[in-house]
């Protein structure tokens, strides 16, 4: 999945109203905006497609540059692809970064080629970034799907709407409770399998986001197990599974 711009469809009447209200001779001077701290987001209307998009200009080397703001869920999926690409590139570079070889004995066939710390740690950084992007993509996607008028009763017996759900409900509650109420799932079993896969991934992400250095009854660093899970994670498979889940929710 490639990144997609955030766009809204304009009705024929809305487009006509905009055209009637637009002064074709008006001039907008961006130079007056570059030093102003207020927001400078521009709204662009494509007459041919009747779509509205947003542009945030940036002033660089005496010129203004800009692009269409991306759809948030699409942006995070795009990030995951880019991070995974870097993970693969670094992994393929391992043979050129070997500092020493660990071997139990000259007769032993088992040995580990120890790569440079910086290379190995960068490899891990991009793995963490990939799974973080995937979780963010799903959370954004769910928020995009929730109708503006949707309400539900929470555990405190309070009726809450979209804004409260987005801010206070965790991803598990959104996947297990909200999505089945707003979407007709053609294959609930397949959906549950994909949800559980994502929640396992989210558990690993949470361990790195909220890293624990001590756990009662554990004399070793408690995060080692999660490093092991992360390092051996097949990222391409996780990206495919995440996209499959999002496709089911469409």
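In the numbering used here, the protein residues as written are 5 to 254.
From the three backbone atoms N, C-alpha and C, an ideal C-beta is built for every residue, glycine too.
As the structure is a computational prediction, the values presented were derived from the model and not from experiment.
Residue closest to residue i, alpha-carbon to alpha-carbon, out of the options
| i | options | result |
| --- | --- | --- |
| residue 249 | 184, 121, 227 | 184 |
| residue 103 | 71, 119, 239 | 119 |
| residue 207 | 117, 175, 12, 251 | 175 |
| residue 72 | 155, 115, 57, 198 | 57 |
| residue 158 | 182, 148, 142, 140 | 182 |
| residue 151 | 17, 254, 201 | 254 |
| residue 156 | 148, 186, 144 | 186 |
| residue 190 | 252, 149, 215 | 252 |
| residue 122 | 100, 24, 148, 201 | 100 |
| residue 231 | 216, 241, 52 | 216 |
| residue 55 | 15, 178, 145, 105 | 15 |
| residue 130 | 235, 20, 17, 70 | 235 |
| residue 76 | 98, 145, 60, 105 | 145 |
| residue 188 | 212, 149, 200 | 149 |
| residue 147 | 161, 171, 116, 162 | 171 |
Residues that DSSP places opposite residue i in a beta bridge
| i | result |
| --- | --- |
| residue 155 | 165 |
| residue 50 | 55 |
| residue 118 | 104 |
| residue 68 | 63 |
Backbone secondary structure at residue i - three-state DSSP
| i | result |
| --- | --- |
| residue 104 | strand |
| residue 62 | strand |
| residue 243 | helix |
| residue 110 | coil |
| residue 74 | strand |
| residue 180 | helix |
| residue 9 | strand |
| residue 259 | Lying before the first or after the last residue shown, residue 259 is absent from the chain, which here runs from 5 to 254. |
| residue 208 | helix |
| residue 214 | coil |
| residue 140 | helix |
| residue 172 | helix |
| residue 254 | coil |
| residue 99 | helix |
| residue 89 | helix |
| residue 225 | coil |
| residue 15 | coil |
| residue 131 | helix |
| residue 23 | helix |
| residue 236 | coil |
| residue 189 | coil |
Chain C within 8 Å of residue i, Cβ atoms only
| i | result |
| --- | --- |
| residue 178 | Structure shown: chain C not included; a single protein chain is present. |
Exercise. Is it true that the stretch 42-57 meets the stretch 105-117, where meeting means three or more beta-carbon pairs spaced less than 8 Å apart?
Worked result: no
Exercise. Is there contact here, the stretch 157-170 with the stretch 123-138, by at least three beta-carbon pairs under 8 Å?
Worked result: no
Exercise. Is it true that the stretch 5-23 meets the stretch 68-83, where meeting means three or more beta-carbon pairs spaced less than 8 Å apart?
Worked result: Yes, since at least three Cβ pairs between the stretch 5-23 and the stretch 68-83 fall closer than 8 Å, the two stretches touch.
Exercise. Quick check: the stretch 124-131 against the stretch 89-102, are there 3 or more CB pairs under 8 Å?
Worked result: yes
Exercise. Can at least three beta-carbon pairs, one atom from the stretch 238-246 and one from the stretch 199-206, be found at a separation below 8 Å?
Worked result: Taking one beta carbon from each stretch, the stretch 238-246 and the stretch 199-206 have 3 or more pairs nearer than 8 Å; the two touch.
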